[in-house]
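4 protein chains.
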Amino acid sequence: MTKSPASAGPVAPEVLADLAAASHILAAQGVVDAMGHISLRHPDAQDRFLMSRAMPPALVTPADLVEFDMNGDACGGDTRSGFLERFIHSEVYTARADVMSVVHSHSPSVIPFGLCDKPMQAMFHNAAFVAAGVPVFDIRTKFGTTDMLICDCVRGGALAETLGDKNVALLRAHGSIAVGDTLQAAVFRAVYTEVNARIQHWALALASGGPLAALSPEEGLLADEPNQGAAARAWQLWRSNVRAKTNW
Amino acid sequence: MTKSPASAGPVAPEVLADLAAASHILAAQGVVDAMGHISLRHPDAQDRFLMSRAMPPALVTPADLVEFDMNGDACGGDTRSGFLERFIHSEVYTARADVMSVVHSHSPSVIPFGLCDKPMQAMFHNAAFVAAGVPVFDIRTKFGTTDMLICDCVRGGALAETLGDKNVALLRAHGSIAVGDTLQAAVFRAVYTEVNARIQHWALALASGGPLAALSPEEGLLADEPNQGAAARAWQLWRSNVRAKTNW
Amino acid sequence: MTKSPASAGPVAPEVLADLAAASHILAAQGVVDAMGHISLRHPDAQDRFLMSRAMPPALVTPADLVEFDMNGDACGGDTRSGFLERFIHSEVYTARADVMSVVHSHSPSVIPFGLCDKPMQAMFHNAAFVAAGVPVFDIRTKFGTTDMLICDCVRGGALAETLGDKNVALLRAHGSIAVGDTLQAAVFRAVYTEVNARIQHWALALASGGPLAALSPEEGLLADEPNQGAAARAWQLWRSNVRAKTNW
Amino acid sequence: MTKSPASAGPVAPEVLADLAAASHILAAQGVVDAMGHISLRHPDAQDRFLMSRAMPPALVTPADLVEFDMNGDACGGDTRSGFLERFIHSEVYTARADVMSVVHSHSPSVIPFGLCDKPMQAMFHNAAFVAAGVPVFDIRTKFGTTDMLICDCVRGGALAETLGDKNVALLRAHGSIAVGDTLQAAVFRAVYTEVNARIQHWALALASGGPLAALSPEEGLLADEPNQGAAARAWQLWRSNVRAKTNW
């Protein structure tokens, strides 16, 4: 049994409340159901992150948040069970110094894009971050026949490598991840990846083989700038909805 | 009039509450509407099962549960009307000693897979149990033109034979059944059969004739293992939602 | 100005409450939105029917119900405005002595079947009444370019003629009607016409040109029998949901 | 820094409440999510309009409404931030003296019609206003690669030119606008543009290449007349739902 790593220190209650609220937001927006998770890099330590113990996202409270190190070990002697797939988070934080928050989800509209060769495209400006491209991670390529889970550092590292410098990636026959340089940006991208997927299903059926005038990569770059303001407004709405239903 | 068979004895209140809650969960998840039912094998008797009287699943309370024997007769002198299709349950329990719970439903996204020759495939790890294959029961094959209902032991037995050792089966122009070795596993499979069906509709449209990188049977076997933990978390969420709305 | 016809006499409060509740049920089930209506033939007079004044179905109370005669005139001196399309109801009651209740709605999933040459088929036993065929009324055929509304006896009569002895009919670029020999049967058919339409959209896409093993007309006849019990259970659920939200 | 233009004077509280309620209605009907906006021309001044400060529509109260002039400048010294895209509104009001209210939204079902060459058609009488045609504004045509936003008078003017005398227009890879000669008409059109889009997706898939018997332009003209009554009834329902949840 490994010794628990030291904690990087306490985190402000409002930060913990926002992270717990983000779980509720993702559930309310249909991005996660009984499964899925979101994490936040520790505000004071590049090599620590916060994430709920293994539980349904819609039930998370600030007291359920656990600090992990980049090996996926719970810190400060915390003995609560983490998600099997916390290595998604630890390895993305390790590979991407700019990322402060990571979402993993299995939303039904997104999964199909990981199952066939139709790339996800940006259908509108709020999903501009999609225009840079959404890579697909197929666990079979490196690991053969598996239980599909990112349950250790090696698999997590391979996924992070596939993500590269992008902000969304698909996992074949599994789901997707979205990242951001703030908690709000990661939540916004997870939500609008799902919305964009729904629009693209309809758009491709409508076009029935013809071309789609999706955002070009250049339009995507320009349009993603004002999304920061949009994400702030969306957070304002979603956070207030959670506040109305919780006492933390 | 046949004499009512003896009861196999009382069942713990928390077991009855969980079974009643399972009806509410299936309704809340869109698996059943005003119709559909779930049963549990009697914890102390292999030849008895518990199931609500004929009523909408969203209204079931523990007091509505009736004990049946494997002929579909209510036990202990209970005179309340059972569902016409309780023989689905009795015959699956008879044929499958490993099954502790059976769900029958008509969820709209699932029915199409019983109407044409496109087999249901496992779109993601939470539906791994689908990867073993989902047989289709066509009542016409043995019984010709009928009212479509599994309303006696003979029809129930034929359905159980089609199910074989699988955990999900489709009924042509009718609906589906899902089974499990626990109440929680059956509920989980019923819910994720529906979710998987929705994903497959989108995925096949997206692929427009091209291949789908669905779970292979081998991946399905491996991925179904960790679903037990997932099912426990899902149950935790769904059960707590029912608890918040009921006083039992 | 025509003199208001005499009333056929008071109707039992519980019948009025059920009719008002039926409006709420159709709204809750997504069959009607801000538009659409349901009527009931007067229990004591073959030539009178009850229907709300022109208002959103989700707001109807028993006090909003008006008695009409078969010319669509409000009885007993009632001066409240009826729906422009009350002639759908009066003419179906005139043509069909067996019909006790009529629903008219514009549910989004149903409208497409009135816009192209793909006939609605019965996808499962709860929609067995569809297997007899669903005729399409195109107002252009007899009336040329119109405002699409069934706003007088002549147009209503033409629609009733198209309905014939069926229980559901489509109105091109408009919506549909469903009828029953009880209030509960009409509501059940309106709801399951909508559910069946959704299933058929998915099923046809899934079959992508191949055949659908829909209910045969013979299966439909047999399967519609037990739907009376199903409709009673559905009504029990839906009516109790309305009761929980109203004080009548 | 420009001087704030003078206000055209106070607006009746019930008008402000209706405008704030319209934001909530559009959110409740799924036309807007965390983004999108609705405005009303000032009842007493052709060259002023009212619109919320930049915030989620579901949170707007009458106190959040700001008066703008046709340059998009806040009047009466109001220093609150307006939406970047308020120029959609100012330029439509400038170009169209008959328009009293403008909605801008990104509803997922509508966006696809701006991404390919399938024109939106009127699927039923409540969407009769669509039968006149729905032009598509592609910002690339005049402005090349942009951030997609209508963030100044020049872009707003180009959009208003594309709208012409129609009541709905699409913005490529962005969303749509709907206008009306009353607040209620604009809301009604925004809602039924969304409903019509959903129906058309289903209808085109159902027809699979065959023709759709959509409303002809002539039918559309006739059918749009009674929609004023329909819009009044819809407003009655939607407004009462907002009233039940707010204290203004």
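Chains as they are written, first to last, in my numbering: chain A, 1 to 248; chain B, 1 to 248; chain W, 1 to 248; chain U, 1 to 248. Where is the CB? At the ideal position from N, CA and C, for every residue including glycine.
Count the other C-beta atoms from every protein chain shown that fall within 10 angstroms of the C-beta of residue i, then say buried if there are 16 or more, exposed otherwise.
i, result
"Thr162/W", "buried"
"Ser240/B", "exposed"
"Asn247/A", "exposed"
"Val134/U", "buried"
"Phe49/A", "buried"
"Gly164/W", "exposed"
"Asp117/B", "exposed"
"Ala244/A", "exposed"
"Pro13/A", "exposed"
"Phe72/B", "According to the sequence as given, residue 72/B is Gly; it is not Phe. Buried."
"Arg198/W", "buried"
"Gln46/B", "exposed"
"Val154/U", "exposed"
"Pro217/A", "exposed"
"Pro80/U", "It should be noted that the sequence gives Arg, not Pro, for residue 80/U. Arg80/U is exposed by the Cβ-count criterion."
"Ala6/W", "exposed"
"Ser208/U", "exposed"
"Phe143/U", "exposed"
"Gly210/A", "exposed"
"Gly82/W", "buried"
"Gly36/U", "buried"
"Ala185/B", "buried"
"Ala252/A", "Examination of residue 252/A is not possible in this model, given that chain A is present from 1 through 248 alone."
By Cβ distance, which residues of its chain are closer than 6 Å to residue i, with the 5 residues on each side in sequence left out?
i, result
"Thr94/W", "Met70"
"Ser107/A", "Val31, Glu194"
"Val60/W", "Ala20, Ser23, Ser52"
"Pro10/U", "none"
Assuming residue i contacts residue j under a Cβ cut-off of 8 Å, what Cβ separation, rounded to an integer in Å, is found between them?
i, j, result
"Leu212/A", "Leu115/U", "5 Å"
"Ile256/U", "Val102/U", "Summary: the structure shown does not reach residue 256/U, with chain U confined to residues 1 through 248, and so no result is reported for it."
"Ala234/U", "Phe188/U", "6 Å"
"Ser109/W", "Trp202/U", "6 Å"
"Asp33/W", "Val99/W", "Not really, about 24 Å apart at Cβ, beyond 8 Å."
"Asn167/B", "Ala160/B", "Not a contact, Cβ separation roughly 13 Å."
"Leu183/A", "Asp78/A", "Contact doesn't hold; Cβ gap of about 21 Å is too wide."
"Pro56/W", "Gln236/U", "6 Å"
Given residue i, which residues of its chain have a CB within under 7 Å of its CB, disregarding the five upstream and five downstream residues?
i, result
"Cys151/B", "Leu84, Glu85, Phe87"
"Met148/W", "Ile139, Ala173, His174"
"Ala128/W", "Ala122, Leu215, Gly220, Ala223, Asp224, Asn227"
"Gly156/B", "Phe87, Ile88, Ser90, Glu91, Ile150"
"Ser39/W", "Phe49, Leu50, Met51, His89, Ser101, Val102"
"Ala190/A", "Leu26, Val31, Val103, Ser105, Ala178"
"Tyr192/U", "Asn126, Ala127"
Please work out which residues of its chain come closer than 8 Å, Cβ to Cβ, to residue i, disregarding the five sequence neighbours upstream and downstream, and give them in chain order.
i, result
"Val242/W", "Ala21, His24, Ile25, Ala28"
"Ala8/A", "His42, Asp44, Ala45, Asp47, Arg48, Glu67, Cys75"
"Ala205/B", "none"
"Ala97/W", "Gln46"
With a floor of 4 residues, list each alpha helix (DSSP H) that falls wholly inside the region 165–236 of chain W, ordered by position along the chain.
For the region 165–236 of chain W, whole alpha helix (DSSP H) runs of length 4 or above, ordered along the chain, are 183–207, 217–224.
Please list the residues of the region 34–58 of chain W that have a C-beta atom closer than 9 Å to any C-beta atom in chain U, keeping them in chain order.
For the region 34–58 of chain W, which is checked against every Cβ of chain U, the residues closer than 9 Å are Ala34, Met35, Ala54, Met55, Pro56, Pro57, Ala58.
What residue ranges within the region 59–103 of chain W form continuous beta strand (DSSP E) runs of no fewer than 3 residues, ordered along the chain?
Qualifying beta strand (DSSP E) stretches, in chain order: 65–69.
For the region 163–178 of chain B, which residues have a beta carbon sitting closer than 7 Å to at least one beta carbon of chain W?
Flagged, chain order: Arg172, Ala173, His174, Gly175.
Compile a chain-ordered list of the residues in the region 109–130 of chain A whose CB is closer than 8 Å to at least one CB of chain B.
If the cut-off is 8 Å between Cβ atoms, the region 109–130 of chain A has Ser109, Ile111, Pro112, Phe113, Gly114, Leu115, Cys116, Asp117, Lys118 near chain B.
Residues of the region 199–210 of chain B with a CB closer than 7 Å to any CB of chain A: list them in chain order, please.
Cβ contacts with chain A: Ile199, Trp202, Ala203, Ala205, Leu206, Ala207, Gly210.
Pull out every residue of the region 67–79 of chain B whose Cβ sits closer than 7 Å to any Cβ of chain W, in chain order.
Within the region 67–79 of chain B, no residue has a Cβ that lies closer than 7 Å to any Cβ of chain W.
Contacting positions in the region 6–17 of chain W - beta carbon closer than 7 Å to chain B
Taking 7 Å as the Cβ-Cβ cut-off against chain B, none of the residues of the region 6–17 of chain W qualify.
Short-range partners of chain U found in the region 139–158 of chain W, where Cβ spacing is below 7 Å:
Residues of the region 139–158 of chain W that bring their beta carbon within less than 7 Å of a beta carbon in chain U comprise Thr145, Thr146, Asp147, Met148, Leu149, in sequence order.
Residues in the region 211–229 of chain A having any Cβ partner in chain U nearer than 8 Å:
Taking 8 Å as the Cβ-Cβ cut-off, the region 211–229 of chain A approaches chain U at Pro211, Leu212, Ala213, Ala214, Leu215, Ser216, Glu218, Glu219, Leu222, Ala223, Glu225, Pro226, Gly229, given in chain order.
Taking only beta carbons into account, state which residues of the region 78–108 of chain U come closer than 8 Å to chain A, listed in chain order.
Going along the region 78–108 of chain U in chain order, one finds Leu84, His106, Pro108 with a Cβ nearer than 8 Å to chain A.
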